[in-house]
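Quick note: to get the numbering used here, add 367 to the position in the sequence shown (first position is 1).
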Amino acid sequence: MQGAPHAPRVAQRERGKKTHNGRTVSPFPAPPTLATAPDWPYLALRAALHARDGAQERHALTLADAQAWWACSDRTAKRQLARLHASGRLVYTPGRGRGNTSRVAFPGALDAELADLTARLAAAGAAAELARLSRLGFPRGWVLTDAVRGTFGLGVSPAGTDRLRTVITRPLTAMDPLTVNSAAEAHLLTQVLDPLLVFDTDAGTLRPHLAHHWGTPDGGRSWVFHLRRGVSFHHGRTLDARDVLFTLERVQRGAPWYLPGVVGVQAPTPFTVQVTLDRPDLFFPRRLAHEQALILPRDVPFDERRPVGTGAFRWHALNGGFRLEAFDAHFAGRPLIDEVEVFLVPELRGDAPPTLDVSGVPHDPVERWVPEHSVHFLIWNAHRPAARSAALREAVIELHDIRAFWHESGRPERLLPATSFLPRRSLGRPPRGHSLARAQALLAQAAYAGPPLRLWVLDLPGARQEADWLAARAARLGLPMQVVPAPLDALPDAGDDVDLAFLGEIAGSDEHLSFWSALKQPELLFRRLLPPATLRAVDALLDGYRSAPDHAALEGILDRAEALLLGGHHLHLTHHRVKRRSLHPLIRDVHPDAYGRIDFKRLWLPPAEG
368 MQGAPHAPRV AQRERGKKTH NGRTVSPFPA PPTLATAPDW PYLALRAALH
418 ARDGAQERHA LTLADAQAWW ACSDRTAKRQ LARLHASGRL VYTPGRGRGN
468 TSRVAFPGAL DAELADLTAR LAAAGAAAEL ARLSRLGFPR GWVLTDAVRG
518 TFGLGVSPAG TDRLRTVITR PLTAMDPLTV NSAAEAHLLT QVLDPLLVFD
568 TDAGTLRPHL AHHWGTPDGG RSWVFHLRRG VSFHHGRTLD ARDVLFTLER
618 VQRGAPWYLP GVVGVQAPTP FTVQVTLDRP DLFFPRRLAH EQALILPRDV
668 PFDERRPVGT GAFRWHALNG GFRLEAFDAH FAGRPLIDEV EVFLVPELRG
718 DAPPTLDVSG VPHDPVERWV PEHSVHFLIW NAHRPAARSA ALREAVIELH
768 DIRAFWHESG RPERLLPATS FLPRRSLGRP PRGHSLARAQ ALLAQAAYAG
818 PPLRLWVLDL PGARQEADWL AARAARLGLP MQVVPAPLDA LPDAGDDVDL
868 AFLGEIAGSD EHLSFWSALK QPELLFRRLL PPATLRAVDA LLDGYRSAPD
918 HAALEGILDR AEALLLGGHH LHLTHHRVKR RSLHPLIRDV HPDAYGRIDF
968 KRLWLPPAEG
């Protein structure tokens, strides 16, 4: 019976679809039809050989290499080579006898083949195929041509829908609200899932969302939330209090640190939720406006690959990406754009910010420099012997002069040195001074005679450059330091063979909640690497959030917590990233936030003139 009220809406959607010979036809465009689809095994082989050998007419090829590159069996590799040889794509000469390696030769020049292929794919609007091609590892300039870039942007699809095609430059990681710790993933989740409340960054206050009213009858010991009626999930059922109970209980099981002090969650009526705490907490409602508390349906098992919620967009998987399709029944109104397609295209933008292009329209993007709501830092692993020396900790921090690094490395971005976790606070303070002479004196005091300090860093060009610079600077003063690059999805733990780590932390729209979460979330570095005594002292300070009556009180807690974290030299804040934001001037009423993210719900393409 729960689905009965939605029958008219479903019928309307079905009536809006075209039919052909009695079959329902989706209003969304079908994948492009190509006269000749890309030969992916052939392209993967050429990419691997070019990466290994460079531009050559002939390449040595073992069957083991082919198996590894194609991720297939011995028999399948032989069949693929025979097929490609028979089709004329390559000439395969098996090695005869012991020690004679097989060879392959290609009749066509690789750069010319790719130029023809990318032109055909771009002309067909084959974004998924272009994204897949870009991931094979060919030279960037051969694949990411102007025609390919023109395939992505804001425009009208062949089916007449307003569509944004954009890219991500790394695979998505955690897409579960309980564990999400990246701004990009959090942004995508909030397009598909809704919270009970939303935090208004400009006003610094909460606004109603799935809950239209909320309050406390007893000074914050219990909180009552009144839900909107008639809110639809993507799978057709309406939201009720049991979905909120399911979500909050899921958070309590999977991330108990996030909802401290909850002793009971009840649903007095189908559209009322009451949360009882062990003591008053004025900050509690703000936690329900964050990604960890996005509301999920109780009757659909959660799947990170296909999240289902009440959000403004439905999630659909695509080859090499995904599509966000406007949800007509969204309680706050249908999005203005029909669909957003996102593809994984490594290095399409390099380090440049995203530019949303209106297809076929020359443009002069509007650019501005904006500090990102993030902070980069150097942190000691307090569980390692080297970190026990206060003089050594301070010496390394004295060595890490971010302004000297920026100057000596010729970094093109603007620099905002960090004196706080939050860029708005750093803007009003003078940067910390650094002295090589003081670093030398501290090193003499430390008299460190242990093994080289191991400096953990993500394997990214900018991060590696900064780590190598610090290691070289330390070596000049007689302190050995070894840079340890790590994959993008890794984080060091207390027991790892790591003395220090470079990383960054990104804040959400609610700065004080983000600071609280960063210090509380067990998956993040602060909880893993800082001394237990420091964490206990910080926890005691952050507990004051419960009784803080206003913004000024929260700022006071932040002041004391930052002083505690930085005073022992276990943590050094280095800088806030400043990015150049670009946006096409025809994109109306939408501005990127501090992370360069666009509010997809408000994005629209004005009708063509004339």
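The beta carbon of each residue, even a glycine, is placed where N, CA and C say it ideally should be. This structure is a prediction, so every number in the text was calculated from the model and none was measured.
Any idea if residue 382 is buried or exposed, counting beta-carbon neighbours within 10 angstroms, 16 or more meaning buried?
For residue 382, the predicted model reports a pLDDT of 31, less than 50, meaning its position is unreliable and no value from the coordinates is stated.
Quick check on residue 676: buried or exposed, where buried means 16 or more other Cβ atoms within 10 Å of its Cβ?
With 16 or more Cβ atoms within 10 Å of its Cβ, residue 676 is classed as buried.
Identified DSSP bridge partners for residue 943:
783.
Closest Cα partner of residue 472 within the set 678, 967 and 456:
456
Could you pull the start and end residues of the beta strand (DSSP E) that residue 644 belongs to?
Per DSSP, residue 644 is one residue of the beta strand (DSSP E) stretching across 639 to 644.
Excluding the 5 residues preceding and the 5 following residue 941 in the sequence, name in chain order all residues of the same chain whose CB lies nearer than 7 Å to its CB.
743, 744, 745, 767, 769 and 785
The beta strand (DSSP E) spanning residue 559 covers which residue range?
Looking at the DSSP string, residue 559 is not in any beta strand (DSSP E); the run it does join, the alpha helix (DSSP H), is 550 to 559.
Report the rounded CA-to-CA distance for residue 749 versus residue 901, giving the unit in angstroms.
10 Å
Please return the same chain residues whose Cβ sits closer than 7 Å to the Cβ of residue 834, not counting the five positions on each side in sequence.
822, 824, 850 and 869
Starting from residue 899, trace the alpha helix (DSSP H) both ways and give me its first and last residue.
899 to 909
Which class does residue 920 belong to by DSSP, given the choice of helix, strand or coil?
helix
State the DSSP-derived secondary structure class of residue 636, mapped to helix, strand or coil.
strand
Could you spell out the range, first to last residue, of the beta strand (DSSP E) harbouring residue 459?
458 to 460
Report buried or exposed for residue 717, applying the criterion of at least 16 other Cβ atoms within 10 angstroms of its Cβ.
With a pLDDT of only 38 at residue 717, under the threshold of 50, the placement of this residue in the model should not be trusted, and no figure is reported.
For residue 926, name the three-state secondary structure that DSSP assigns.
helix
Taking the continuous alpha helix (DSSP H) assigned at residue 483, which residues delimit it?
477 to 490
Which residues in the same chain have their Cβ closer than 7 Å to the Cβ of residue 618, if we skip the five residues on either side of it in sequence?
For residue 618, the CB contacts under 7 Å within the same chain, skipping 5 residues up- and downstream, are 545, 625, 626, 659 and 660 in chain order.
Can you list, in chain order, the residues of its chain whose CB lies under 6 Å from that of residue 509, leaving out five sequence neighbours each side?
478 and 481
Alpha-carbon to alpha-carbon, residue 889 and residue 447:
Cα to Cα, residue 447 sits roughly 48 Å from residue 889.
Residue nearest to residue 740 in terms of C-alpha spacing, selected from 872, 924, 560 and 570:
If we check each option's Cα against that of residue 740, 872 comes out closest.
Leaving out five residues before and five after residue 904 in sequence, what residues of the same chain have Cβ atoms less than 8 Å from its Cβ?
931
How many angstroms separate the CA atom of residue 612 from the CA atom of residue 634?
7 Å
Assign residue 820 to one of three DSSP states: helix, strand, or coil.
strand
Would you say residue 919 and residue 650 are within 8 Å of each other, going by their C-beta atoms?
no
Would you identify the three-state DSSP class for residue 967, choosing helix, strand or coil?
helix
Of all the options 969, 486, 530 and 564, which has the alpha carbon lying nearest to the alpha carbon of residue 655?
564
Which residues bound the beta strand (DSSP E) around residue 496?
No beta strand (DSSP E) holds residue 496; the alpha helix (DSSP H) holding it covers 494 to 501.
When the distance is taken between beta carbons, is residue 880 closer than 8 Å to residue 653?
yes
For residue 881, which of helix, strand or coil comes out of DSSP?
helix
Sort 754, 820 and 836 by Cα distance to residue 774 and report the nearest one.
Of 754, 820 and 836, the residue nearest in Cα terms is 836.
Using DSSP with H/G/I as helix, E/B as strand and the rest coil, what is residue 354?
Lying before the first or after the last residue shown, residue 354 is absent from the chain, which here runs from 368 to 977.
Could you tell me if residue 664 is buried or exposed, where buried requires 16 or more neighbouring beta carbons within 10 angstroms of its beta carbon?
buried
What does DSSP give as the partner residues of residue 594 in its beta bridges?
578
Less than 8 Å between C-beta atoms, sequence neighbours within five positions excluded: which residues of the same chain meet that for residue 819?
847, 848 and 849
Rounded to the nearest angstrom, what separates residue 809 and residue 576 at their Cα positions?
54 Å
Quick check on the DSSP output: the alpha helix (DSSP H) that includes residue 651 runs from which residue to which?
651 to 654
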